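A.B. asks: Going down the list, the protein sequences come from chains H, E and Z.
Per the working numbering: the first sequence = residues 12 to 673.
Per the working numbering: the second sequence = residues 4 to 126.
Per the working numbering: the third sequence = residues 312 to 457.
Sharing a structure here in C-alpha cells format.
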Amino acid sequence: MQRIGVFVCHCGSNIAATVDVEKVVEYAKLEPGVVHAEDYQYMCSEAGQMKIAEAVKDKNLTGIVVCSCSPRMHETTFRNAAKRAGINPYMVEIANIREHCSWIHKDIEEGTEKAVILARAAIAKVNLNAPLEPGESRVTKRALVIGGGIAGIQTALDIADAGYEVDIVEKTPSIGGRMSQLDKTFPTLDCSACILTPKMVEAAAHEKVNIYTYSEVDKVSGFVGDFTVDIKKKARSVDMDKCTGCGVCSEKCPMKKTPSEFNRGLENRSAIYTPFAQAIPNVPVIDRENCIMFKTGKCGVCSKVCQAGAIDYEQQDEIITENYGAIVVATGFDTIKLDDFDEYAYNQSKDVITSLELERVMNAAGPTKGHLERLSDGKAPKEIVFIQCVGSRDVTCRGKEYCSKICCMYTAKHAMLIRDKYPDVNVTVFYIDVRTPGKNFDEFYRRAVEEYQVNYIKGQVGKVMPQADGKLLVQGVDLLDNRQILKEADMVVLATAIEPEAGVRKIATMLTASIDTNDFLTEAHPKLRPVESPTAGVFLSGVCQGPKDIPETVAQAGAAAVKAIGLLAKDKLMTNPCTAKADELLCNGCSTCANVCPYGAITYEEKEINDHGIRENRRVAAVNTALCQGCGACTVTCPSGAMDLQGFSNRQILAEVDAICR
Amino acid sequence: MQEQVKTISGVNPYKCMKCGKCSASCPSFNEMDIKPHQFVSYVLNDDLEALLNSESIKQCLTCFACVERCPRDVKPGNLIDTVRQMVVRKRGAELLSPEEVTQLLDPELPQQLLVSAFRRYRR
Amino acid sequence: MSIENKEFKPKIVAFCCNWCSYAGADLAGSSRLAYPADVKIIRVPCSCRVNPMFVLRAFEKGADGVILCGCHPGDCHYTTGNYYTRRRMSLLFSMLDFIGVENGRTRVEWVSAAEGVKFSTTMNDFAKKIHSLGENVRLGDIRCKN
Chain H
12 MQRIGVFVCH
22 CGSNIAATVD
32 VEKVVEYAKL
42 EPGVVHAEDY
52 QYMCSEAGQM
62 KIAEAVKDKN
72 LTGIVVCSCS
82 PRMHETTFRN
92 AAKRAGINPY
102 MVEIANIREH
112 CSWIHKDIEE
122 GTEKAVILAR
132 AAIAKVNLNA
142 PLEPGESRVT
152 KRALVIGGGI
162 AGIQTALDIA
172 DAGYEVDIVE
182 KTPSIGGRMS
192 QLDKTFPTLD
202 CSACILTPKM
212 VEAAAHEKVN
222 IYTYSEVDKV
232 SGFVGDFTVD
242 IKKKARSVDM
252 DKCTGCGVCS
262 EKCPMKKTPS
272 EFNRGLENRS
282 AIYTPFAQAI
292 PNVPVIDREN
302 CIMFKTGKCG
312 VCSKVCQAGA
322 IDYEQQDEII
332 TENYGAIVVA
342 TGFDTIKLDD
352 FDEYAYNQSK
362 DVITSLELER
372 VMNAAGPTKG
382 HLERLSDGKA
392 PKEIVFIQCV
402 GSRDVTCRGK
412 EYCSKICCMY
422 TAKHAMLIRD
432 KYPDVNVTVF
442 YIDVRTPGKN
452 FDEFYRRAVE
462 EYQVNYIKGQ
472 VGKVMPQADG
482 KLLVQGVDLL
492 DNRQILKEAD
502 MVVLATAIEP
512 EAGVRKIATM
522 LTASIDTNDF
532 LTEAHPKLRP
542 VESPTAGVFL
552 SGVCQGPKDI
562 PETVAQAGAA
572 AVKAIGLLAK
582 DKLMTNPCTA
592 KADELLCNGC
602 STCANVCPYG
612 AITYEEKEIN
622 DHGIRENRRV
632 AAVNTALCQG
642 CGACTVTCPS
652 GAMDLQGFSN
662 RQILAEVDAI
672 CR
Chain E
4 MQEQVKTISG
14 VNPYKCMKCG
24 KCSASCPSFN
34 EMDIKPHQFV
44 SYVLNDDLEA
54 LLNSESIKQC
64 LTCFACVERC
74 PRDVKPGNLI
84 DTVRQMVVRK
94 RGAELLSPEE
104 VTQLLDPELP
114 QQLLVSAFRR
124 YRR
Chain Z
312 MSIENKEFKP
322 KIVAFCCNWC
332 SYAGADLAGS
342 SRLAYPADVK
352 IIRVPCSCRV
362 NPMFVLRAFE
372 KGADGVILCG
382 CHPGDCHYTT
392 GNYYTRRRMS
402 LLFSMLDFIG
412 VENGRTRVEW
422 VSAAEGVKFS
432 TTMNDFAKKI
442 HSLGENVRLG
452 DIRCKN
C-alpha cells in the first residue's frame, strides 16, 4: 500500500476563489492510501515545496498528489521537489484543478465537486504508480548532413567549427547545390559563385568535414545519439586519389550529346564530366548510361588520354557504414515539371524558359556565355515577358498550393539586370500579387519599377501562342485596367514553382521523419522548434522544410547546426522512462505491435521463458527504451494484452476512469 | 439568390484569389460587359440583377478555358452558365425536356458544355 | 457533493492526448472559456493509447458519455497515432450503437493546442447532447450505481 500525501494549492485566488480548497483536503483524506493532506497558498513556491519535503520526511510518504495548475506548467517542478525529498519523481501526479476546473466554473459548489473528483482520480492513479528510472544512451560525436547545397555546407561548417566530425552526403558529383547554378543573388546583386565558392573550398579543406559526393544514403537504423547509416558511394569510374583534375578526359570524350544537368539541359556535356568549373571535388565522373565504353565496350579514349591513369572502368559501388549522433537533412529543391501547363507553350517553344534556365542563360559560364539571346535562333530579344506564379498557389492537381516565396524577388532581379545591361529591351511582368517582405526587399522591387521602368501588370497570362515568325503572342489580362492584352514577345520566362527534391520522401521514410502533403519535412513545432524534426536527433536545414531564400536558408542552417551541436555536446542522453514494456509471459510473438510502432522500437527475440514452471523457448517482443517515445499504440493493438505503457498503464488509466465515474 | 447560384454551380466564390487567369484565357473577353473574373465578385457582392441582364451570358462560348486553367478551382464558367440557367428558369421555359437531354448526350463531351450549348442554340 | 440531487448530472469522461488536446483544454481554461463541470479529463500520451476497453469500462461504471480528443490528422506527435484512434473508434462506436449505446454518447474530436475555443464549444455541444439523451442505461453495471 502506498503512503500518499495530497497537497492542494490555492494559487492565490486563482483556485481558491471557485474551489473550496479545505473541502478538497477533507475529502482527499478519505481516499485509500492517503496519509496526509494539506493546502497552501502557493504550492510551487519555495515554501510550498518545503512543505512537501517535510511531509515526505514526517509521514514517510511514497507517493505525492499535487492539486494545482496544469501538469504542463509545473509537473517538472514537483517532480524535482520529490526527487530532492528522496522520492522517485515518477511517484508524483498532478490533479489539474486550475485550467480544468477553477478557471472555467463559476459556481463554487460545482467547482469543488469537480476538484474533489479530479483529486480522487489522481490519488487512484498514484496508488498504482511504480518508481521509474530514465535510461541512458550514449552519443556518437559525429554528425551527418544529407545534401551538399548551401544549407548543407553551412550546417557542416558550423558543426565542424564547434569541433565535431561531420560527413556531407551529396548525390551529384559536386557540392554546391542550386546556389551554384544561380548567376546573381538578390537584393544585393552580388555574384552567386563568388560568395559560394569560398564556402565550398572551406568545407573541402576543413579537417573535420568529410565529403561524400556522388553518394546517397542507403539505409538508416538506430536512434538519437546513435544512428547507423549506410552510405552508397556510386562508382565514379575515376580514381579520386590519382586524378589531377586536368580535364583532358572530358575534352577528348567523343560522346558529347548528353544534356547537362548543371545547365538545365540547355547545353550538352560529355559522358565523362565535371558538372561545372568550380566543382568540388574537381574529379570527373563517368555517366555510365551514356558512355560508349560502358554501352559497347569499345572506346576507352579517356583512359588513353589520362596521364595519371585515374580512369577505372571496373570500379564498383561501395557501401560505407558509419555511426552518427545527429542527422541534418538539407536536401533542397527542384522546379516543378511543366508538362501539364500546355498554355505556356513551354514544350513547344525554345524561347519559353523557366527562371532557373534564365539564370544559366545570364551566367557567363552558361550556354550563351552570358549573352541574353533567344535559344531558338540566337537573336537578341527586344521584348521579354515574365509570368509569375506558374504552378504556385495553384490548388488544382497541376500545381502547388503554397507560395514558392522566392519568385517575386528573383523576377525583379532578372528584370532589373536585363534592363541594366540591355536598356533597349522592354520587360513586362504579369503578377498576381507582388510579395516582397524582407530586409531591403520591397525597396528592391520598387527600384525595378521606378528606376528601371519594368512594366508590372496585375493579371495572369491565359496563353502563350508561338507564331510562324518565331515570335510569341502572349494573351494576358490587366485587371486594374480591365482589359485583355495581346503582346508580342521574343522571350517568355516562367517563374516556376519549386518543390522539394524528389528523393526527400525516401529519406524521410528512412529517418521516420514526418513529411507533409507537399513533401516538405515537418517541424517539431511550427513556431518554437522550427529546425527540429519530431524525430529526435533529426534536424532540418533549408528548403526541405519549406520555401526560403538564401539568407533564410543560411540562418536556418546555422540554427540546425546549433541544435545538432547541443546534442553532440552531451556524453549521455536521458531517455523518457514512460516507455512500453512487454509482459513476456503473455506475449505470443505475433508482431502486431511492431507493425504499429512508428519508431521501430519493438524487436523480437528468442528467449527462454519460465511460464509457471514450464521452461521453453519463445519468440517475445522486446522494447528498445531508447527508441520508444511512449505513445502507447502498441498497448492497444496487442491482442494478448502483453504490452503496457509505464506511467500510463492500463490499470492506472482504468483506476482514473473508475474514480471519475464513481 | 447568392445561395442559389452557389448551389446550382457548385462554386465557392471565396476561393478566388483574383489572379485574372479566367479573363486572360477568355476568347470572348472583348465582347463581354462583365468580364469573367468580375463574375466572381458580382456573386460575392450579391449583385445578381446585373449579371442576369448582362451581355456576357450571351457572349460566353462555354469553351471552359477559364474552368480548365483556374488555379484555385473556382470555375467562373460554371457561374456564367448558372446565371444563364437562372434566366431560362425565370422565363419559365424549359427549352429542353430532361428526356431529350439524355438522348442527346455524347459520352465524349463534357455534360455541362452540351447542356449549355443546346440551351443557347434552341433559343 | 449532493448525491441526493434529483437533477440529472451526466458523467462525461474525456480522454485528451498530452500534446494537442490537453494543451487545448489548458488554453480553454486560461482563456476562461466555460464548459460544464460534468466533463472530467484524463490525460493520455496519445489518443491511440485509449484502449476501447477504457471506453467500455467507463460506460460500465456509469458514464453517460465518452469523448476522445487528439491531434488533427497529420499533426500527431507520434506521427500516426490518431489514425489508429480513428479506425479503432469508428469500429467501436458502431458496435456500441448496435448494442444500444447511442452514437451521440461517443465522439472523437480533433483539437489542437491552439484551439481553446474549439475545445470549449465541443465540450458544451457534447454535454448538451448527453443531456438530451439522458442517463445511459445500457452497459452500465447496476451494482456500480448508487
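Glycine included, each C-beta is placed from N, C-alpha and C at the ideal position.
From a predicted model like this one, the values you see are computed outputs, not experimental measurements.
#1: Starting from the C-beta of Ala570/H, find all residues in its chain whose C-beta is less than 6 Å away, skip the five residues before and the five after it, and write them out in chain order.
#2: Give the list of continuous beta strand (DSSP E) stretches no shorter than 3 residues that lie fully inside the region 62-105 of chain H.
#3: Please identify the residue among Glu333/H, Thr255/H, Pro511/H and Arg14/H whose C-alpha is closest to the C-alpha of Lys411/H.
#4: Any idea what DSSP makes of Glu420/Z, helix, strand or coil?
#5: How many angstroms separate the CA atom of Met312/Z from the CA atom of Glu120/H?
#6: For Arg430/H and Tyr463/H, which I take to be in contact (beta-carbon distance under 8 Å), what is that distance rounded to the nearest angstrom?
#7: Under 8 Å between beta-carbons, which chain E residues line up against Cys400/H? List them in chain order, please.
#8: Residue range of the beta strand (DSSP E) that Ser226/H falls in?
#9: Scan the region 572-612 of chain H and note each continuous beta strand (DSSP E) run of 3 residues or more that stays entirely inside, going in chain order.
#10: Going along chain H in order, which residues have a C-beta closer than 9 Å to the C-beta of Pro356/Z?
#11: Taking the alpha carbon of Phe531/H as the point to measure from, which residue in Thr520/H, Ala513/H and Gly557/H has its own alpha carbon closest?
#12: In angstroms with no decimal places, state the Cα-to-Cα distance between Asn628/H and His116/H.
#13: Roughly how many whole angstroms lie between the Cα atoms of Val212/H and Leu428/H?
#14: Using Cβ-Cβ distances below 7 Å, what residues of the region 591-622 of chain H are close to chain Z?
#15: Return helix, strand or coil for Met502/H, following the three-state DSSP convention.
#16: Under DSSP, the beta strand (DSSP E) around Pro511/H begins and ends at which residues?
#17: Return helix, strand or coil for Phe197/H, following the three-state DSSP convention.
#18: For a test of the three-state rule: what should DSSP assign to Gly336/H, helix, strand or coil?
#19: Which residues of the region 482-516 of chain H have a Cβ closer than 9 Å to any Cβ of chain E? Give them in chain order.
#20: Where DSSP assigns a beta bridge to Cys202/H, which residues make up the other side?
#21: The beta strand (DSSP E) spanning Gly427/Z covers which residue range?
#22: Who are Arg494/H's beta bridge partners in DSSP?
#23: Mind the definition here: the region 414-425 of chain Z touches the region 398-405 of chain Z only if three or more C-beta pairs lie below 8 Å; say whether that holds.
#24: Mind pulling the beta strand (DSSP E) runs of 3 or more residues that sit fully within the region 112-191 of chain H?
#25: Have a look at the DSSP bridge pairing and note the partners of Val549/H.
#26: Measuring CB atoms only, is the region 247-265 of chain H touching the region 318-330 of chain H, in the sense that at least three cross pairs come out at less than 8 Å?
#27: Please state whether DSSP places Ile297/H in a helix, a strand or coil.
#28: Flag Ile671/H as yes if its beta-carbon sits less than 8 Å from any beta-carbon of chain Z, otherwise no.
#29: Rounded to whole angstroms, what's the CA-CA distance from Gly658/H to Arg673/H? Just pull it up for me.
#30: Using alpha carbons as the reference points, say which of Lys592/H, Lys424/H, Cys555/H and Cys400/H lies closest to Leu505/H.
#31: Indicate whether the contact test is met: 3 or more Cβ pairs, each with one atom in the region 375-382 of chain Z and one in the region 350-365 of chain Z, closer than 8 Å.
#32: On the DSSP letters alone, give me the boundaries of the beta strand (DSSP E) that Arg630/H sits inside.
#33: Would the beta-carbon of Thr285/H fall within 8 Å of that of Tyr225/H?
#34: Suppose the cutoff is 8 Å on Cβ atoms and the five residues either side in sequence are ignored; what does the same chain contact list for Ile242/H look like?
#35: Roughly how far, in whole angstroms, is the beta-carbon of Ile671/H from the beta-carbon of Ile63/H, given that I think they are within contact range, below 8 Å?
#36: Please report the distance separating the alpha-carbon of Glu346/Z from that of Gln5/E.
C.D. replies: Answer, in terms of the structure:
#1: Taking the first sequence and counting its residues from 1, the one referred to as residue 570/H is at position 559. These residues qualify, in order along the chain: Val542.
#2: Here the runs fully enclosed are 74-79.
#3: In the first sequence, residue 411/H corresponds to position 400, counting from 1. Comparing alpha carbon positions, the residue from Glu333/H, Thr255/H, Pro511/H and Arg14/H closest to Lys411/H is Pro511/H.
#4: Along the third sequence, one-based indexing puts residue 420/Z at 109. Reduced to three states, the DSSP call for Glu420/Z is strand.
#5: Locating residue 312/Z in the third sequence gives position 1, counting from the first residue. Locating residue 120/H in the first sequence gives position 109, counting from the first residue. With a pLDDT of only 46 at Met312/Z, under the threshold of 50, the placement of this residue in the model should not be trusted; the figure read from the coordinates follows. CA-to-CA, the gap between Met312/Z and Glu120/H works out to about 8 Å.
#6: Along the first sequence, one-based indexing puts residue 430/H at 419. Along the first sequence, one-based indexing puts residue 463/H at 452. About 4 Å separates the two Cβ atoms, so the contact holds.
#7: Here the question's residue 400/H lines up with position 389 in the first sequence. In chain order, Cys22 and Pro74 make up the part of chain E whose C-beta sits under 8 Å from the C-beta of Cys400/H.
#8: In the first sequence, residue 226/H corresponds to position 215, counting from 1. Element bounds for Ser226/H: Ser226 to Phe234.
#9: Taken in chain order, the unbroken stretches of beta strand (DSSP E) that lie wholly in the region 572-612 of chain H and span 3 residues or more are 583-585 and 591-593.
#10: Sequence index remark: in the third sequence, residue 356/Z carries index 45 (1-based). Within chain H, the residues near Pro356/Z are Cys589, Gln640, Gly641, Cys642, Gly643, Leu656, Gly658 and Phe659.
#11: On the first sequence, residue 531/H is found 520 positions in, with the first residue counted as 1. Cα-wise, what sits closest to Phe531/H is Gly557/H.
#12: If you number the first sequence from 1, residue 628/H lands on position 617. If you number the first sequence from 1, residue 116/H lands on position 105. Approximately 57 Å between the Cα atoms of the pair.
#13: What you label residue 212/H is simply residue 201 of the first sequence in a count that begins at 1. What you label residue 428/H is simply residue 417 of the first sequence in a count that begins at 1. Each residue's Cα considered, the two are about 28 Å apart.
#14: Within the region 591-622 of chain H, the qualifying residues are Val607 and Pro609.
#15: Looking up residue 502/H in the first sequence gives position 491. Strand at Met502/H.
#16: The residue you call residue 511/H lines up with position 500 of the first sequence. It spans Ile509 to Pro511 - the beta strand (DSSP E) in which Pro511/H sits, taken as one unbroken run.
#17: Position 186 of the first sequence, counted from the first residue, corresponds to residue 197/H. Coil at Phe197/H, not helix or strand.
#18: Position 325 of the first sequence holds residue 336/H. Coil, per DSSP.
#19: From the region 482-516 of chain H, only Gln486, Gly487, Val488, Asp489, Leu490, Asn493, Arg494, Gln495 and Ile496 have a Cβ closer than 9 Å to chain E.
#20: What you label residue 202/H is simply residue 191 of the first sequence in a count that begins at 1. Beta-bridge pairing by DSSP links Cys202/H to Lys195/H.
#21: Counting from one through the third sequence, the residue named residue 427/Z turns up at place 116. Looking at the DSSP string, Gly427/Z is not in any beta strand (DSSP E); the run it does join, the alpha helix (DSSP H), is Gly427 to Leu444.
#22: Walking along the first sequence from the start, residue 494/H turns up at place 483. Answer by DSSP bridge pairing, in chain order: Asp489/H.
#23: Because the criterion of three Cβ pairs below 8 Å is met, the region 414-425 of chain Z and the region 398-405 of chain Z touch.
#24: If we require 3 residues or more, the beta strand (DSSP E) runs fully inside the region 112-191 of chain H come out as 147-149, 153-157 and 176-180.
#25: Position 538 of the first sequence holds residue 549/H. Val549/H is bridged to Ile338/H.
#26: Note that the region 247-265 of chain H touches the region 318-330 of chain H; at least 3 beta-carbon pairs, one per stretch, sit closer than 8 Å.
#27: What you label residue 297/H is simply residue 286 of the first sequence in a count that begins at 1. Reduced to three states, the DSSP call for Ile297/H is strand.
#28: Translated into the one-based positions of the first sequence, residue 671/H becomes position 660. For Ile671/H, the closest Cβ of chain Z is nearer than 8 Å.
#29: Taking the first residue of the first sequence as position 1, residue 658/H is located at position 647. Taking the first residue of the first sequence as position 1, residue 673/H is located at position 662. Taking the straight line joining both Cα atoms gives about 22 Å.
#30: Along the first sequence, read from residue 1 onward, the residue named residue 505/H stands at position 494. Here the closest residue by C-alpha is Cys400/H.
#31: Cβ pair count under 8 Å is three or more, so yes.
#32: Translated into the one-based positions of the first sequence, residue 630/H becomes position 619. Where Arg630/H is concerned, the enclosing beta strand (DSSP E) stretches over Ile625 to Val634.
#33: In the first sequence, counting from the first residue as 1, residue 285/H sits at position 274. In the first sequence, counting from the first residue as 1, residue 225/H sits at position 214. Taking 8 Å as the Cβ cut-off, Thr285/H and Tyr225/H do not qualify as a contacting pair.
#34: Counting from one through the first sequence, the residue named residue 242/H turns up at place 231. The answer, listed in chain order, is Asp178, Val180, Tyr223, Ser226, Glu227, Val228, Asp229, Ile330, Ile331, Thr332 and Glu333.
#35: Mapped onto the first sequence, residue 671/H falls at position 660. Mapped onto the first sequence, residue 63/H falls at position 52. So it is not a contact: roughly 25 Å between Cβ atoms.
#36: Walking along the third sequence from the start, residue 346/Z turns up at place 35. Walking along the second sequence from the start, residue 5/E turns up at place 2. A small fix is needed here, since residue 346/Z is Tyr in this sequence, not Glu. Looking at the two C-alpha atoms, the distance is approximately 36 Å.
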